[in-house]
Amino acid sequence: MRAMWRLSYGVFCAVVLALGFAASSPSAQAAAANPAEAYVQQNIDRGYTILNNASLGDTQRRTQFRDFMLSLTDTKRIGMFTLGQYANSASKNDVDAFTNAFADYAVAVYESRLSKYKGQTLKVTGSTSRATDDTVVNADVVDPNAANAQPIKVGFRVRKTSDGRPIVTDINVEGVWLALSQRSDFTAFLQMNGGSVAALTDHLKMQTVQLRADVPTAGGRKS
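The letter at position 140 of the sequence shown is residue 140 when you use my numbering, and the numbering goes up by one with no holes.
Here it is, written out as structure tokens:
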């Protein structure tokens with residue numbers, strides 16, 4: 001189960017960290033022809049600024065990046081979706097504890113891959129409108145150090161919050177919607193643990209602690 005979680009979120013973070021580390025270009029900015037595309041492209045610049053600010057210490061950078069990621073992705077909405085039918089039978093306290101743990105876990109995975117995915121670029125290539133408040137923004141993720149590598153095709157599902165603010169609710173990597181993949185993994189865990197959302201929460205917390213312990217500091221040491 002741990003391997004499945006890390007596989008799906010490892011791909012997820014490769015794409016999301018491309019947002020944070022991508023080098024913006026005039027052609028990429030020109031591609032942002034509608035609000036959803038502009039939202040994705042602008043966040044490329046925003047994340048790039050945070051993660052490449054040499055004046056920030058490790059703690060400051062991680063704090064700012066955490067705030068950035070939580071503002072970019074609706075982790076509560078995604079977390080509730082990944083629980084599926086088990087969200088209906090769990091207590092409010094258990095659901096709240098899970099969504100909080102899910103957010104911490106997601107950010108810990110982002111942090112654990114900061115150095116690995118540095119230097120990749122992301123370019124918005126277009127979008128498809130599914131509804132007035134539901135747009136899939138398409139993009140290519142490219143490793144500039146691999147001249148012959150094919151770009152990774154990704155899509156960002158951009159919805160709107162109750163106050164009209166755009167937010168990413170899922171990411172598609174090469175045809176796979178990652179929230180759906182995560183939901184499948186969590187369902188398998190819950191089926192093996194009597195449907196206990198509290199058990200899933202505890203497991204996520206343990207995963208988060210392990211991930212944070214493996215994150216190197218600017219000096220190359222692990223946290």
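Don't be surprised by glycine CBs; every beta carbon is placed ideally from N, CA and C.
*Give the DSSP-derived three-state secondary structure of arginine 165 in the structure shown.*
coil
*Apart from the five residues on each side of it in sequence, which residues of its chain come closer than 8 Å, Cβ to Cβ, to alanine 31?*
Its pLDDT being 44, under 50, alanine 31 is placed unreliably in this model, and the value from its coordinates should be taken loosely. For alanine 31, where only same-chain residues beyond five positions count, the Cβ hits under 8 Å are Glu37, Gln41, Lys123, Val124, Thr125, Gly126.
*Any idea if alanine 54 is buried or exposed, counting beta-carbon neighbours within 10 angstroms, 16 or more meaning buried?*
exposed
*Any chance the stretch 132-141 sits against the stretch 158-166, with 3 or more Cβ pairs inside 8 Å?*
yes
*Do the stretch 75-88 and the stretch 175-189 touch if we need at least three Cβ pairs shorter than 8 Å?*
yes
*asked:* Less than 8 Å between C-beta atoms, sequence neighbours within five positions excluded: which residues of the same chain meet that for valine 95?
replied: Met80, Leu83, Ala87, Val197
_According to DSSP, simplified to helix, strand and coil, what is leucine 122?_
strand
*Please check if any C-beta of chain C sits within less than 9 Å of the C-beta of phenylalanine 102.*
Among the chains in the structure shown there is no chain C, since it carries only a single protein chain.
_Rounded C-alpha distance that separates serine 25 from alanine 146_ = Unreliable positioning characterises serine 25 in this predicted model, as indicated by a pLDDT of 43, which lies under 50. The coordinate reading is nonetheless provided below. Cα-Cα distance, rounded: 19 Å.
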